[in-house]
Amino acid sequence: MVVVGNGMAAIRTVEDVLAAAPDLYRVTVFGAEPHGHYNRILLSSVLAGDAAVTEIVTHPPAWYARNGITLHTGDRVTAIDPVGGTVRSASGRELAWDRLILATGAVPVVPDIPGGGLEGVRTFRDIGDVERMIEASERHRRAVVIGGGVLGLEAAWGLRRRGMEVSVVHLMPSLMERQLDDTAAGLLLRELDGRGIGCVTGSQAVALTGEERVTGVLLSDGRRIEADLVVFTVGIRPETTLARAAGLAVGRGVLVGDDMRTSHPGIYAVGECVEHDGQCFGLVAPLWDMAGALADQLTDAPVKRRFAPPIVPTSLKIPGIDIFSAGRIQAANDAEREIVHHDPANRVYRKLVLCEGRVVGAVLYGDLCGSGRFLGWMRDGTDLGAGLDLLAPDEGSDGEVVCHCHDVTRGAITAAVEAHGLTTLEQVGCRTRAGTGCGQCRGAVTRVLADAAGTADGAKAVDAATRRAARMRLGFRVWHHANAALMAVLLLTGISLHFPGTPVAVVEFGWSHRLHEWSGLALCGAYAVFLGLCLVFRRKFGADAQGAAMFVAFPLVVASGLTFLWPGLLPDRAWSVSALVPVAVAHSLLAVSVVMFLIQHLSHAPWAWWRKRGSRRRAL
Numbered sequence: 001m002v003v004v005g006n007g008m009a010a011i012r013t014v015e016d017v018l019a020a021a022p023d024l025y026r027v028t029v030f031g032a033e034p035h036g037h038y039n040r041i042l043l044s045s046v047l048a049g050d051a052a053v054t055e056i057v058t059h060p061p062a063w064y065a066r067n068g069i070t071l072h073t074g075d076r077v078t079a080i081d082p083v084g085g086t087v088r089s090a091s092g093r094e095l096a097w098d099r100l101i102l103a104t105g106a107v108p109v110v111p112d113i114p115g116g117g118l119e120g121v122r123t124f125r126d127i128g129d130v131e132r133m134i135e136a137s138e139r140h141r142r143a144v145v146i147g148g149g150v151l152g153l154e155a156a157w158g159l160r161r162r163g164m165e166v167s168v169v170h171l172m173p174s175l176m177e178r179q180l181d182d183t184a185a186g187l188l189l190r191e192l193d194g195r196g197i198g199c200v201t202g203s204q205a206v207a208l209t210g211e212e213r214v215t216g217v218l219l220s221d222g223r224r225i226e227a228d229l230v231v232f233t234v235g236i237r238p239e240t241t242l243a244r245a246a247g248l249a250v251g252r253g254v255l256v257g258d259d260m261r262t263s264h265p266g267i268y269a270v271g272e273c274v275e276h277d278g279q280c281f282g283l284v285a286p287l288w289d290m291a292g293a294l295a296d297q298l299t300d301a302p303v304k305r306r307f308a309p310p311i312v313p314t315s316l317k318i319p320g321i322d323i324f325s326a327g328r329i330q331a332a333n334d335a336e337r338e339i340v341h342h343d344p345a346n347r348v349y350r351k352l353v354l355c356e357g358r359v360v361g362a363v364l365y366g367d368l369c370g371s372g373r374f375l376g377w378m379r380d381g382t383d384l385g386a387g388l389d390l391l392a393p394d395e396g397s398d399g400e401v402v403c404h405c406h407d408v409t410r411g412a413i414t415a416a417v418e419a420h421g422l423t424t425l426e427q428v429g430c431r432t433r434a435g436t437g438c439g440q441c442r443g444a445v446t447r448v449l450a451d452a453a454g455t456a457d458g459a460k461a462v463d464a465a466t467r468r469a470a471r472m473r474l475g476f477r478v479w480h481h482a483n484a485a486l487m488a489v490l491l492l493t494g495i496s497l498h499f500p501g502t503p504v505a506v507v508e509f510g511w512s513h514r515l516h517e518w519s520g521l522a523l524c525g526a527y528a529v530f531l532g533l534c535l536v537f538r539r540k541f542g543a544d545a546q547g548a549a550m551f552v553a554f555p556l557v558v559a560s561g562l563t564f565l566w567p568g569l570l571p572d573r574a575w576s577v578s579a580l581v582p583v584a585v586a587h588s589l590l591a592v593s594v595v596m597f598l599i600q601h602l603s604h605a606p607w608a609w610w611r612k613r614g615s616r617r618r619a620l
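Going by the numbering used here, the first residue of the sequence shown is number 1, and it counts up by one from there.
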């Protein structure tokens with residue numbers, strides 16, 4: 001079995017097949033990206049600095065090897081031969097298949113406008129995009145996000161957290177118009193404005209300005225917004241190039257039936273590349289339902305699930321902005337009615353849309369109490385009658401959906417906790433998958449865990465974890481500022497000892513003394529230059545692997561340098577030259593390593609600045 005794609009739908013299918021029939025297929029996976037499988041939903045958390053890339057990689061290469069799966073990363077499949085039953089990849093590999101799964105995903109929509117090819121114009125789709133956006137945030141100041149949907153607002157928040165001035169340009173009159181009515185969208189707009197994110201609605205980008213790098217966005221109403229970074233988040237379209245070239249039936253996406261089979265009997269498709277009954281899908285819950293239905297077909301399960309598009313709620317992964325939206329956001333005709341509770345003072349808005357006593361839609365802002373209950377009513381088609389206070393708080397029943405990505409109920413979590421003695425969020429995730437999707441439900445899952453296990457209140461546990469993460473980030477910043485101060489002490493000490501009349505000559509290395517002296521001065525100069533450039537180009541160190549390396553390396557350089565200089569500070573004492581040689585060697589190696597790291601950390605920021613400066617001079 002060959003799987004074309006290494007995304008969330010592809011790997012969920014492989015997991016379900018392995019769980020049902022671990023020895024049925026010899027599995028080969030082709031992935032276009034140079035990584036193992038990662039949780040794409042959490043890219044916005046990486047951009048905001050709340051997670052590292054390594055933390056969202058859920059299936060490293062070792063997982064594939066452990067399960068007998070052949071993985072080809074960074075190797076895109078370029079052709080399918082449906083008649084011969086083979087695929088060919090960009091690297092030249094040709095592989096036969098008996099079952100072929102297409103999980104090619106989707107590609108970002110980028111409007112064809114002048115300036116779209118300038119440097120600094122990005123999409124927000126994969127790890128590479130996020131890494132380049134983070135890089136831009138460290139060198140530049142102004143960002144414009146084109147598109148005010150869920151993805152665009154999460155991108156805007158991440159860039160704002162990175163210290164950029166952010167504007168959002170949205171074509172429609174209100175933000176998230178597919179998920180929020182005008183009242184909820186207005187509350188969201190005011191909240192974002194209060195957080196320093198400016199939103200321009202009812203307008204669109206018609207051109208990007210700049211010579212080599214983008215410098216601004218021209219809008220349809222004549223305004224211009226200055227920008228060093230432009231991120232397009234205006235939508236996605238199914239990637240159907242391979243399927244179309246292979247002669248498969250294709251509409252907007254690869255056409256499939258309820259069993260996920262394409263027009264070829266041996267080829268299946270899952271995920272964002274699929275079109276089912278006229279619909280394409282971008283949220284994770286239907287993708288995983290597809291994976292389950294396909295796994296049943298591939299393993300010949302006694303009872304085969306059929307894919308039916310579920311009612312999927314939408315949320316926004318911005319801390320402190322609580323949104324739940326599912327189904328219809330407003331009444332469509334006289335047969336439907338709305339129940340609304342609006343508390344402007346507390347920024348709370350709750351609305352249910354009912355049709356003949358059944359909930360067909362919900363919009364919640366600021367207070368998500370009962371969201372799982374409402375979703376359950378929508379999915380079950382529960383007839384609620386007319387007498388219930390539907391928006392009243394609820395203690396939560398066992399049937400309430402807590403994790404919407406995996407459709408995990410309160411009762412399922414409670415049963416798992418009681419049956420297996422679970423005590424941590426990670427253990428609950430391993431048993432039930434709750435909290436392992438978008439991450440929005442982790443607080444609710446923790447509270448259910450706390451109730452079931454009789455531990456401390458879950459909300460307090462989540463708050464404590466948030467405070468610990470904030471303290472860690474603050475600790476990194478303080479530590480690196482302290483390191484910069486210590487490095488300045490080392491620089492000044494080393495340079496001052498070379499002034500005339502200082503006792504640095506007390507320690508002699510014979511013929512190598514002059515070489516050591518000038519190499520030391522050269523390293524001092526390198527420290528000053530590259531640390532200064534890091535500050536000028538805003539190349540910050542974060543709470544990640546690179547930051548951790550500098551967390552340790554800088555103090556070691558300072559300590560070893562001051563140890564070596566100590567004889568020059570105390571010239572009246574006799575010092576053993578041989579005892580200082582290891583210190584000198586260690587300091588030199590550490591110093592060179594740090595300088596090399598600073599060069600790498602700077603990347604091509606100075607060169608980009610020089611090219612930009614040259615472009616401006618030529619323009620004048």
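Every residue gets a Cβ at the ideal spot worked out from N, C-alpha and C, and that includes glycine.
Just so you know, these numbers come straight off a predicted model, no measurement behind them.
Out of His264, His404, Glu55, the CA that lies nearest to the CA of Gly85 is found in His264. Runs of the beta strand (DSSP E) spanning 3 or more residues and lying entirely within the stretch 372–455 occur at 401–403, in chain order.
The three-state secondary structure of Ile80, taken from DSSP, is strand. Between Gly152 and Val130, the gap from beta carbon to beta carbon reaches 8 Å or more. Of all C-beta pairs linking the stretch 290–299 to the stretch 6–13, three or more are shorter than 8 Å, placing the two stretches in contact. In the structure shown, the three-state DSSP call for Pro310 is coil.
Between Leu187 and Tyr365, the C-beta gap is smaller than 8 Å, which places the two residues in contact.
By the 16-neighbour rule on beta-carbons within 10 angstroms, Ile80 is buried. The beta carbons of Thr28 and Thr70 sit about 4 Å from each other, so the pair counts as a contact at 8 Å. Cβ contact annotation for Gly74 (same chain, cutoff 6 Å, sequence separation greater than five): Pro34, in chain order. Excluding the 5 residues flanking it on each side, Cys441 has same chain C-beta neighbours closer than 8 Å at Val402, Cys403, His404, Cys405, Ala434, Gly435, in chain order. Annotated three-state conformation of Arg99 is coil, per DSSP. Take Leu219, set aside five residues on each side of it, and the residues of its chain with a beta-carbon closer than 8 Å to its own are Val169, Val200, Ser203, Gln204, Ala205, Val206, Ile225, in chain order.
The Cβ neighbour count for Arg162, taken over all protein chains shown within 10 Å, is at least 16; the residue is labelled buried. The C-alpha of Arg40 is placed about 14 Å away from the C-alpha of Pro60.
In the three-state reduction of the DSSP assignment, Pro61 falls in the helix class.
Bounds of the alpha helix (DSSP H) holding Gly128 are 127–139. Taking the CA atoms as reference points, Thr54 sits about 46 Å from Cys355.
In the three-state scheme derived from DSSP, where H, G and I count as helix and E and B as strand, Cys369 is classed as coil. Collapsing the DSSP output to three states places Phe597 in a helix. Taking a C-beta distance under 8 Å as the contact criterion, Thr240 and Gly257 do not qualify as a contact pair. Counting only residues of its own chain and dropping the five nearest sequence neighbours on each side, Leu42 has a CB closer than 7 Å to the CB of Ala51, Ile56, Gly439.
Sequence-distant partners of Gly381 (beyond 5 residues in either direction) whose C-beta falls short of 7 Å from its own C-beta, in its chain, are Arg358. Between Ser137 and Thr432, the alpha-carbon positions lie close to 37 Å from each other.
For Ile11, the secondary structure class from DSSP, reduced to helix, strand or coil, is helix.
For Arg161, the enclosing alpha helix (DSSP H) has its first and last residue at 150–161.
Under the three-state reduction of DSSP, Leu283 is assigned to coil, being neither helix nor strand. Listed in chain order, the non-local C-beta contacts of Ser89 below 7 Å within the same chain comprise Phe30, His72, Asp75, Arg76, Val77, Thr78, local neighbours out to five positions each way being set aside. In this structure, DSSP gives Phe124 a state outside helix and strand, which the three-state scheme calls coil. Residue state for Arg66 is assigned as helix, using DSSP reduced to three classes. If you look at Ala184, you'll find it in the alpha helix (DSSP H) that goes 182–194. Secondary structure at Arg40: helix, using DSSP grouped into helix, strand and coil.
Judged by beta-carbon spacing, Ala106 lies within the 8 Å limit of Cys273, meaning their Cβ atoms are closer than that value.
Under the DSSP definition of a beta bridge, Val144 partners with Ser167, Val230. Collapsing the DSSP output to three states places Thr563 in a helix.
Contact check for Gly147 against Thr233 passes: the beta carbons are separated by less than 8 Å.
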